[in-house]
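Notes for the one structure printed next.
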Amino acid sequence: MEGPINSLKKNVIKSAHIQNRLNRLKNFICAKELITIVYLLLLAICQSVNSQTLQDYEHLKNLYNQKKFSELYEKAVSLRKKQYGKNWKTDYFISKALCAASDNNLAMRAFDYTLTVYKRDLNNNQFEFLLSERDKCSETQSVGSIPAHYAGLHISIIDNETSGVSGKMGYIVNCNTDPNTFSVDSSFDYQSLNQRIFSVDEIQTAANYYRNLLGTGYSCIPRGRYLFIVPAATGANDETFNRIAGYLENAYNFYAEFFELRKPENIIAVYLMNTRENLRKMAKKTHGLTIPDSNIGYSCLADLSLLGTSTTESIGTIVHELFHLMIRADVGDIPTWLDEAVACLYETSRWTGGLLKGEISQWRTEILLNLVVPRLDGLFATNFNEFTSHEHVRNYDQFAFHEGNNNCEIALNYALVKHFAIFLQETGKLKPTINGFKERKNVLVDTLYHDETDVEVLERVFNKPFDEIQAEFDSWLSYMYPLNPDRSVHYILSHVRYIDYCGDEALRQTKANLLQKLGAASGQLTDEQIKEINRFIMEARYYCTK
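For reference, each letter of the sequence shown is one residue, going 232 to 777 in this note's numbering.
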């Protein structure tokens, strides 16, 4: 089955209905002598990793401004296949080309996919921009007439904030502290991040750059492709940094070979901050970020950097962040839950027979104890064509603090997906699952394809219905760990009855309300009902142990 982007060698836009619409649009514009110039600003921050990428987007911008929509479509699809080319900016241009072809159905599907799968990479300005572009496209007139929004359009992608930053949450005790998400310093020069990309043979130049940038309070130690940045008082010797560099290089090669990823061939800056306070200071200094207290590490694609509360004796967080950085080389649209699942898998890992294996026994299991284990699909994206509003997608991210998500719920989600990653590893499905999402079928791959949901990708990988996958995971989870994934009303009702609230009046009232609701419930509880129950259990756990 060959669609308009199925074969670049045969002209990527080969579909007759799209090509005809592009030609009609072009002829209509020429006939009306519309010479409006569309200005598109791309300020690439935590996603662009080299000057070639910037040149590619400049070329796409020019094609759009010149109304060469067919060529724009072809070039954008080609760029999507390059290293780090699969990202929201590339998919935005594909969406715009489809919109210019006056094929609203395809364009809206492309926009909806982009808004959903890259939501975590978007700052508020970028999200609002894409949302407004989608809305404008939905107003496009029928085939044969100029899109209503075209003549006066001014495109501005504001990318001078924190896009493309992936963070890691640590162990959580208090559910309600740390209400801050990532925030940015508007005065920070984000264009300067592109100056931090150095080839491996420029390691000494990179070291000198960072010494000038950071000042005397930090030491910069070059080792191979890694530039270690540590507080000056660390006092580690050469042997220590050689050992760490060797371990990271092994992980780097394992990720690339096991998951068949293209390797980033530039210097990777590794910040080993020994305290959360030092991490927060460094985040502010190097990336203009204010990060939550619960955050113990993050990575930034723009300058290929890994930052964590790791020491020279403990680098699990850095191994976690290295996966985030490398997976984006080929799977830029990896679902957040899977990205975090696999990164968490390797934060506590060991080498076995030349393979890096996540530890089965690890600290995140403690978070799930005595909770109602949610279904996995509660963390997945909805069908992409069910996009309804800003809030619908904004609240989809279950791994970031916002009004509907407290710290304990985020920690629960991290724990749940890590155990699923262990399940995938132990059943031989980890690599096939990554490959399944790498090969995900959607309108941006071929306009003749159906847009595969996360559930559908997993069903293709396992070759069975998702309910059977869930049942297998539940059975494995209860066998391997002291966890009970029973979600029946009868079990949950009896379980909640025995939760101690330690004399707290607010928790007592919450428990009474939950028992009343459960007493009137029948069948399976919804994801929201299970979330409400788990919130009570986790808050009671905190109150009774503080």
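Beta carbons: idealized from backbone N, C-alpha and C, even for Gly.
For residue j and residue i, believed in contact at Cβ under 8 Å, the rounded distance
{"i": "alanine 652", "j": "glycine 609", "result": "At roughly 17 Å, the Cβ-Cβ gap does not stay under 8 Å, so alanine 652 and glycine 609 are not in contact."}
{"i": "valine 461", "j": "leucine 503", "result": "5 Å"}
{"i": "phenylalanine 704", "j": "leucine 602", "result": "Not really, about 16 Å apart at Cβ, beyond 8 Å."}
{"i": "alanine 463", "j": "tyrosine 449", "result": "6 Å"}
{"i": "threonine 542", "j": "isoleucine 527", "result": "Incorrect: roughly 12 Å between the Cβ atoms, too far for contact."}
{"i": "leucine 756", "j": "isoleucine 723", "result": "7 Å"}
{"i": "phenylalanine 490", "j": "lysine 662", "result": "6 Å"}
{"i": "arginine 311", "j": "leucine 675", "result": "7 Å"}
Under 8 Å between C-beta atoms of residue i and residue j
{"i": "tyrosine 577", "j": "glutamate 552", "result": "no"}
{"i": "isoleucine 498", "j": "glutamate 544", "result": "no"}
{"i": "asparagine 666", "j": "tyrosine 344", "result": "no"}
{"i": "glutamine 314", "j": "alanine 560", "result": "yes"}
{"i": "tyrosine 496", "j": "valine 550", "result": "The amino acid occupying residue 496 in the given sequence is glutamate; tyrosine does not appear at that position. Taking 8 Å as the Cβ cut-off, glutamate 496 and valine 550 do not qualify as a contacting pair."}
{"i": "aspartate 758", "j": "proline 566", "result": "no"}
{"i": "leucine 329", "j": "leucine 346", "result": "no"}
{"i": "proline 669", "j": "valine 573", "result": "Per the sequence shown, residue 669 should be read as lysine rather than proline. No, they are not a contact pair."}
{"i": "valine 727", "j": "serine 753", "result": "no"}
{"i": "valine 692", "j": "phenylalanine 611", "result": "no"}
{"i": "valine 648", "j": "tryptophan 568", "result": "yes"}
{"i": "tryptophan 319", "j": "tyrosine 288", "result": "no"}
{"i": "leucine 538", "j": "leucine 510", "result": "yes"}
{"i": "lysine 748", "j": "phenylalanine 767", "result": "no"}
{"i": "serine 363", "j": "asparagine 335", "result": "no"}
{"i": "aspartate 534", "j": "arginine 427", "result": "yes"}
{"i": "lysine 317", "j": "aspartate 564", "result": "yes"}
{"i": "alanine 482", "j": "leucine 655", "result": "no"}
{"i": "phenylalanine 358", "j": "alanine 332", "result": "no"}
Residue i: first and last residue of the uninterrupted alpha helix (DSSP H) it sits in
{"i": "phenylalanine 611", "result": "Neither: phenylalanine 611 is in no alpha helix (DSSP H) and is coded neither H nor E."}
{"i": "glycine 547", "result": "547 to 558"}
{"i": "cysteine 775", "result": "758 to 776"}
{"i": "lysine 588", "result": "Run containing lysine 588: none in the alpha helix (DSSP H); it sits in the beta strand (DSSP E), 586 to 589."}
{"i": "arginine 365", "result": "355 to 369"}
{"i": "threonine 583", "result": "It is not in any alpha helix (DSSP H) - threonine 583 instead sits in the beta strand (DSSP E) that spans 580 to 583."}
{"i": "isoleucine 598", "result": "596 to 599"}
{"i": "alanine 338", "result": "335 to 348"}
{"i": "valine 648", "result": "638 to 657"}
{"i": "leucine 661", "result": "661 to 669"}
{"i": "isoleucine 325", "result": "319 to 331"}
{"i": "glycine 750", "result": "736 to 751"}
{"i": "glutamate 508", "result": "507 to 518"}
Cα-Cα separation, residue i to residue j
{"i": "tyrosine 478", "j": "serine 536", "result": "17 Å"}
{"i": "leucine 679", "j": "lysine 777", "result": "57 Å"}
{"i": "lysine 292", "j": "leucine 337", "result": "21 Å"}
{"i": "arginine 671", "j": "glutamine 701", "result": "20 Å"}
{"i": "leucine 294", "j": "alanine 341", "result": "19 Å"}
{"i": "asparagine 765", "j": "alanine 771", "result": "10 Å"}
{"i": "threonine 583", "j": "alanine 646", "result": "23 Å"}
{"i": "proline 453", "j": "threonine 517", "result": "18 Å"}
{"i": "serine 418", "j": "cysteine 451", "result": "26 Å"}
{"i": "alanine 571", "j": "alanine 642", "result": "Checking the sequence shown, residue 571 turns out to be glutamate, not alanine. So the alpha carbons of these two residues sit roughly 11 Å apart."}
{"i": "tyrosine 773", "j": "tyrosine 732", "result": "10 Å"}
{"i": "isoleucine 244", "j": "valine 308", "result": "At isoleucine 244, the pLDDT of 41 sits below 50, so the modelled position is not reliable; the number obtained from the coordinates is stated separately. Distance between the alpha carbons of isoleucine 244 and valine 308 is about 10 Å."}
{"i": "leucine 303", "j": "glycine 547", "result": "42 Å"}
{"i": "proline 713", "j": "alanine 737", "result": "29 Å"}
{"i": "tyrosine 486", "j": "leucine 492", "result": "7 Å"}
{"i": "aspartate 416", "j": "leucine 353", "result": "16 Å"}
{"i": "asparagine 355", "j": "glutamate 470", "result": "44 Å"}
{"i": "aspartate 717", "j": "methionine 711", "result": "15 Å"}
{"i": "glutamate 763", "j": "serine 525", "result": "22 Å"}
{"i": "serine 414", "j": "lysine 306", "result": "34 Å"}
{"i": "arginine 442", "j": "threonine 579", "result": "31 Å"}
{"i": "serine 592", "j": "glutamate 657", "result": "13 Å"}
{"i": "glutamate 508", "j": "leucine 599", "result": "28 Å"}
{"i": "asparagine 505", "j": "glycine 750", "result": "50 Å"}
{"i": "isoleucine 325", "j": "isoleucine 475", "result": "42 Å"}
Endpoints, the beta strand (DSSP E) within which residue i is located
{"i": "phenylalanine 459", "result": "457 to 462"}
{"i": "asparagine 526", "result": "526 to 531"}
{"i": "valine 674", "result": "Here valine 674 belongs to no beta strand (DSSP E), and DSSP marks it neither H nor E."}
{"i": "glycine 539", "result": "536 to 539"}
{"i": "isoleucine 565", "result": "Neither: isoleucine 565 is in no beta strand (DSSP E) and is coded neither H nor E."}
{"i": "valine 501", "result": "499 to 503"}
Could you give the uninterrupted runs of the alpha helix (DSSP H) lying entirely in the stretch 679 to 719, keeping only those of 4 residues or more? 685 to 693 and 697 to 711
Extract the residue ranges of the alpha helix (DSSP H) inside the stretch 442 to 494, only unbroken runs of 4 or more that lie entirely within it. 469 to 489
So within the stretch 290 to 317, which uninterrupted alpha helix (DSSP H) runs reach at least 4 residues, ignoring any that extend past its ends? 300 to 310
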